[in-house]
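A short write-up of the structure that comes next.
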Amino acid sequence: MSDGPPDSDFTREIGMEMGRVEDGVCVIELELDARHMSVAQRAHGGGLFTMLDTAMGRAVISRLPPGRGCATVEAKINYLRPIQAGRLRAEGRALDLTRRTAYAEGTVRDDQGRVLARSSGTFFLTDTIAQSERERV
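Using this note's numbering, the first residue of the sequence shown is number 227, and each one after it goes up by one.
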């Protein structure tokens, strides 16, 4: 497993559980409950997006030297099927890294292996996990 950054209060608060994080792959799981539902009583798309963005970013970080980080530049998601209950599994894969950017893809599946959503994203590679004010401008 990678010695990447610790989980954030945000990811812990929504119930994301970090699984394998190594060699350009990150797996995150989430047991759906009432806090994850939209008004239509389906898993909120923002929850799936959060899982995918986190999984892709962590996958990128796992391919970087210790202490380096990344920030999402852009991300796209396709929602393919709704879900109302069960356990979700997001897998992010860092596919291409250059000197300053990375490209990653992700998939969320239900506990029966059905694909619920797919994503892709571009990440800016940073010198540190937390960026200084100078690096953000």
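Every residue gets a Cβ at the ideal spot worked out from N, C-alpha and C, and that includes glycine.
Buried or exposed for residue i, going by 16 or more other Cβ atoms inside 10 Å?
i: glutamate 300; result: exposed
i: leucine 306; result: exposed
i: alanine 260; result: exposed
i: valine 265; result: exposed
If you reduce the DSSP assignment to three classes, tell me which class residue i lands in.
i: threonine 276; result: helix
i: aspartate 322; result: strand
i: threonine 237; result: helix
i: methionine 242; result: coil
i: proline 291; result: coil
i: alanine 281; result: helix
Would residue i and residue j be called neighbours here (beta carbons separated by less than 8 Å)?
i: threonine 237; j: threonine 298; result: no
i: alanine 332; j: methionine 282; result: In the sequence under discussion, the amino acid at residue 332 is glycine, which differs from the alanine named in the question. Yes, the Cβ-Cβ distance between glycine 332 and methionine 282 is below 8 Å.
i: leucine 342; j: isoleucine 303; result: no
i: glutamate 257; j: arginine 340; result: no
i: isoleucine 355; j: glycine 273; result: no
i: alanine 345; j: leucine 290; result: In the sequence as displayed, the identity of residue 345 is serine instead of alanine. Going by C-beta atoms, serine 345 is not nearer than 8 Å to leucine 290.
i: valine 247; j: arginine 284; result: yes
i: isoleucine 254; j: methionine 244; result: yes
Which residue wins for smallest C-alpha separation from residue i, given the options the options?
i: glycine 250; options: Thr352, Gly318 and Leu342; result: Gly318
i: leucine 351; options: Ser264, Met263, Arg246 and Cys296; result: Cys296
i: glycine 347; options: Arg335, Asp337, Tyr329 and Asp336; result: Tyr329
Could you tell me whether the region 259 to 273 touches the region 316 to 331, using the rule of 3 or more Cβ pairs below 8 Å?
-> Fewer than three beta-carbon pairs drawn from the region 259 to 273 and the region 316 to 331 are found closer than 8 Å, and the two stretches are therefore not classed as touching.
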